[in-house]
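Chains as they are written, first to last, in the numbering used here: chain A, 116 to 290; chain B, 866 to 1600.
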């Protein structure tokens, strides 16, 4: 029973996990497919339900592995995903900040799933990749507290409820 | 140097001012950030951290200063108490108003924020939203019905191509904005849009598809990017051909323009208000945080400033306290640094002036004291080396000072009587009673006095000339008496001796001259008339002339003796051995030693004395004869003891000759005048024997004492100085 409780609570524990991340080569461009599982804390959920715009920042770095030196960052991308509750329709809207793409979802679960599902994200041209060198992709996602409304920020900075971030996940760059 | 500068910088007011202004500036920035100023978004954390670090630094500095003050307070350093008190006062003055302002500010802030919200507005917005929803609901139902009819029409088309054409037609007819047909795998089969070629039709949520598969239709309000609110209707297309699977028709109907605007507006207002209500607490929280930081900053700055001000204020006071302590401890060289040109500065300046003057006065006093001491030492030296005795007495006739000569002259040690009444001296030494009486007689006398005092004691008669001078100081308050006295015994004696010598010389001269004619005349009378006279007359003449001649002879002898006494000394000084001389003289008395016993004890180590041998012989004869005469008829076994001794007293070397008899001793009545001429108790004596002895002894620089021995006889002690060269020789022999 205790074990069950622990496992339930661990499932419900707020946080961001990166489940799967892999790259593929499509038409001479490396693309990233990844699944990010967002679990919102109660504080964040409350804010969302009250109309606060939640922004998730996904950082993707392509690095050249160097044996005796720091890795060289070849490509750096920042993706911002916005999640919003639409009171009139009772739907959740997910939008990517750097595109006009916007999708509405009936439930939060499907909205979060859609937000965490990264498909065909163009990373780098094949031509930019040197032969014989090893590259890998680093992936990280976090709740962007700076994008929150100003009054909420000090609290967000100080409260652990708002500190949602994943570990850095590394996957090899391959076709 | 840089370290010192750093230390001074961090300890000084500059550091605090810099820190405080920095914190104030960052607080200003932070309050800007809370007002959604985008440019400071990223710096907010940095500012917060800076503020906190600054506060911690300030706190650290204050703690260091507080600890320092506590330590000084515990050690009771001057100024620490006053500093603490001032500090407490300043802190109180700063903290209380700031706290009050803080309390009311927070209260006002909370009330202010709360006043933005109103339950009625909230209700109105809820109602508006509800109204929007219900008004949209009716339309949604209509559209759902219409779309279901359209779906039936689509189902009738057997081929895919005709379905696409039909879609366009149906869309135009129904007034939908976009119409899409999804096949059994939820893949877009065909799509039609009013304004453009459909490439990427709007897809419904996957959940809607599962609803469709379960036989439920969907109609709902939805937002379409860039196109505002739409009504999304998804219906199942009736299944006619089993190979096509479950198909779904989606239609997006635009809202009427006015309706859309209103709905959007209501939604936006509701959303914004909701967000604001939700953000109310965070807003309060962040404002309170900023305000608290500002409060802390103000209080800490005030406390720091209080430390600085208190120290600055108290510094001259504690300097003064320290200086006063130093002055109380006798250090007048202390000078204090001058603070600012204010009242305290004036005080410090006055203090410095005061210590300078005190120091000068003390130095002067020291100098004069030194001078007085030197003068006193000088006077004491003079006093000690005076041959006259000096005493000072206070008004109550208590002995105050005396010199060594006074001790010597009086033959006592006055140390025991010092500070006591003079009468104590008389009770301790009855011999001095007369001396004390004379001084007491003149007690209170305002004029100088002079008296001659004769004291009698074991040492014989002592004549003192005593002068008293009343001493009055400038204020004429005290009436001390200065008594100066001199022992003039020797002087008087010498004067008397000289007088006697003169008398003797004149007598000899005046009497001796007529004696010879008297004797000659008597003899001539006798010669001339003795034979021619009758027997009776002849007898008378014979007897008379005989008497005259005899008496003249006697007179001559007496005059000769006087003459001898008065004769000016014609010395032939030579080194002689006293022992040998004594032996020679005693030889003469050994013949008739049948009745006289001579006991001789001579010091074998006898230095020579420089003397006239003849005179010394006379001296010995006189003394021995005197003793023999004194013993005549008084004792049956007359004995004369003769003893010589080489002695040394107080660095003076001399030969002592002691002649003692066992006769009746010296008669008390003439003891003091024994050595004066014409003093004798013998019927036949001239009284010159001992006078001559004394004269000879004095001619040789010696002294003579006559006293009674312990066995009752008389004793004459003669001391003669030793020849200087011999004294050395004897010294060497002795060593």
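All C-beta atoms in this analysis are idealised placements derived from N, C-alpha and C, irrespective of residue type, glycine included.
Determine, using beta carbons only, whether residue i comes closer than 8 Å to chain A.
i	result
residue 998/B	yes
residue 1066/B	no
residue 975/B	no
residue 1079/B	no
residue 1180/B	no
residue 904/B	Residue placement at residue 904/B is flagged as unreliable, the pLDDT there being 49, under the threshold of 50; a coordinate-derived value is accordingly withheld.
residue 1041/B	no
residue 1128/B	yes
residue 916/B	no
residue 1073/B	yes
residue 1031/B	no
residue 1122/B	no
Is there a Cβ of chain B sitting closer than 8 Å to that of residue i, yes or no?
i	result
residue 167/A	yes
residue 358/A	Outside the displayed span of chain A (116 to 290) sits residue 358/A, for which this structure offers no information.
residue 156/A	no
residue 162/A	yes
residue 225/A	yes
In chain A, which residues lie with their C-beta within 7 Å of the C-beta of residue i?
i	result
residue 1136/B	166 and 202
residue 1154/B	269
Can you list the residues of chain B that residue i reaches, using a CB-CB cut of under 7 Å?
i	result
residue 266/A	899, 1144, 1147, 1148 and 1151
residue 220/A	1070
residue 191/A	Ordered by position in chain B, no residue passes the 7 Å Cβ test against residue 191/A, which lies about 18 Å from the chain.
Three-state secondary structure (DSSP) at residue i?
i	result
residue 1521/B	strand
residue 1558/B	helix
residue 903/B	Low confidence applies to residue 903/B: its pLDDT is 49, below 50, so where it sits in the model is not reliable, and the reading given next is rough at best. The answer is helix: DSSP assigns residue 903/B an H, G or I state.
residue 129/A	coil
residue 1471/B	coil
residue 1622/B	The requested residue 1622/B does not occur in the structure, where chain B is confined to residues 866 to 1600.
residue 1427/B	helix
residue 139/A	strand
residue 1398/B	coil
residue 1277/B	coil
residue 1041/B	coil
residue 1285/B	coil
residue 1236/B	helix
residue 179/A	strand
residue 1504/B	strand
residue 1262/B	coil
residue 1253/B	coil
residue 1020/B	helix
residue 928/B	helix
residue 1581/B	strand
Determine the chain B residues that contact residue i at a beta-carbon separation under 9 Å, and present them in chain order.
i	result
residue 215/A	1090 and 1091
Counting only Cβ pairs nearer than 8 Å, list the residues of chain D close to residue i.
i	result
residue 208/A	No chain D appears in the structure shown, which is made up of the protein chains A and B.
Below 8 Å on C-beta distance, what does residue i contact in chain B?
i	result
residue 270/A	1147, 1150 and 1151
Cβ-heavy atom distance between residue i and the ligand SAH below 7 Å?
i	result
residue 1087/B	Because no ligand of any kind appears in the structure shown, any question about the ligand SAH cannot be addressed here.
Output, in chain order, the set of chain A residues within a Cβ distance shorter than 8 Å of residue i.
i	result
residue 994/B	202 and 203
residue 1139/B	165, 166 and 202
Report the neighbours of residue i on chain A: residues whose CB is nearer than 9 Å to its CB, in chain order.
i	result
residue 1132/B	201, 202, 203 and 204
*Determine which residues of the stretch 1086-1102 of chain B have a Cβ less than 7 Å from any Cβ of chain A, and write them out in chain order.*
1086, 1087, 1088, 1090 and 1091
*Taking the runs of the beta strand (DSSP E) that are 3 residues or longer, which of them lie wholly in the stretch 188-266 of chain A?*
Secondary structure in the stretch 188-266 of chain A: the beta strand (DSSP E) runs of 3 residues or longer, each lying completely within the stretch, are 206-211, 217-220, 232-240 and 250-258 in chain order.
*Which parts of the stretch 1060-1101 of chain B are runs of the beta strand (DSSP E), unbroken and 3 residues or longer, counting only runs that do not cross its ends?*
1083-1089
*Could you pull out every unbroken alpha helix (DSSP H) segment of at least 4 residues lying fully inside the stretch 1345-1396 of chain B, listed in chain order?*
1354-1395
*Return the chain-ordered ranges of every alpha helix (DSSP H) run that is complete within the stretch 938-1011 of chain B and spans a minimum of 4 residues.*
945-979
*Pick out the complete alpha helix (DSSP H) segments inside the stretch 1114-1145 of chain B, 4 residues or longer, and give them in chain order.*
1122-1143
_Proximal residues, the stretch 936-956 of chain B versus chain A, C-beta separation under 8 Å_ = none
*Closer than 7 Å, Cβ to any Cβ of chain A: which residues of the stretch 963-990 of chain B, in chain order?*
none
*Pick out the complete beta strand (DSSP E) segments inside the stretch 1158-1189 of chain B, 3 residues or longer, and give them in chain order.*
none
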